[in-house]
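Residue numbers (the working numbering): 18 to 151.
Think of the CB as a built atom: it goes at the ideal place given N, C-alpha and C, for glycine as much as any other residue.
Below: one structure, written as structure tokens.
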Amino acid sequence: MAKDLILESTTLWDYPTQNYGDKPHGNNKYNGVTPAFVIWNLLQRYTKEGDLVVDPMCGSGTTIDVAKELKREVIGYDLNVTRPEIIKNDSRKIPLEDNSVDFVFIDSPYSDNINYSDNKECIGKISCEKTEFY
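The structure is reproduced here in structure tokens:
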């Protein structure tokens, strides 16, 4: 982990790259990837070591990488599994008990402007011009 990371103290967060340090966090070529700095800041601010972090739409696994680095327990779900640690699951039906998670990070798809997968169940397939969501 990069030792020069500083917890953001304002509402404007500016990061020069997708990753920090020498190893990758997720895949910077993945459509809609969340910057690792964002997840790092949120987990540093709102969780502690050993907490369970869940990302129901974890994409390339950035949340998994950052959470493990910070010694958090982590579960990542996605309809489009991109690596072995990700569990195939529809985010509308998370298979966990109520109140069993310490922090949920979600960076949901941006409607139909990015093609995340060919799975018709992907909520990224929902048109921003329609009113029904389920």
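Are Phe120 and Val55 touching if we call contact CB-CB under 9 Å?
Not in contact: Phe120 and Val55 (Cβ atoms no closer than 9 Å).
Flag this pair as yes or no: are the beta carbons of Asp72 and Val50 separated by less than 9 Å?
No, the Cβ-Cβ distance between Asp72 and Val50 is not below 9 Å.
Do the CB positions of Glu102 and Gly78 come within less than 9 Å of each other?
At a Cβ-Cβ threshold of 9 Å, Glu102 and Gly78 count as neighbours.
Run through the DSSP bridge pairs and tell me what Asp72 is partnered with.
Per DSSP, Gly93.
Should the segment 52-67 be called in touch with the segment 82-91, which here means at least 3 C-beta pairs below 8 Å?
At 8 Å Cβ cutoff, the stretches touch.
Cut-off 7 Å between Cβ atoms - residues of its own chain near Ile23, not counting five sequence neighbours on either side:
Cβ neighbours of Ile23 beyond the five flanking positions: none.
Considering just the uninterrupted stretch of the alpha helix (DSSP H) at Ile56, what are its terminal residues?
Going by DSSP, Ile56 is part of the alpha helix (DSSP H) stretching over Ala53 to Tyr63.
Val98 (DSSP reduced to helix, strand or coil):
In the structure shown, Val98 falls within a coil segment according to DSSP collapsed to helix, strand and coil.
How should Asn36 be labelled, buried or exposed, when 16 other C-beta atoms within 10 angstroms of its C-beta is the threshold for buried?
Answer is buried; the Cβ neighbour count reaches 16.
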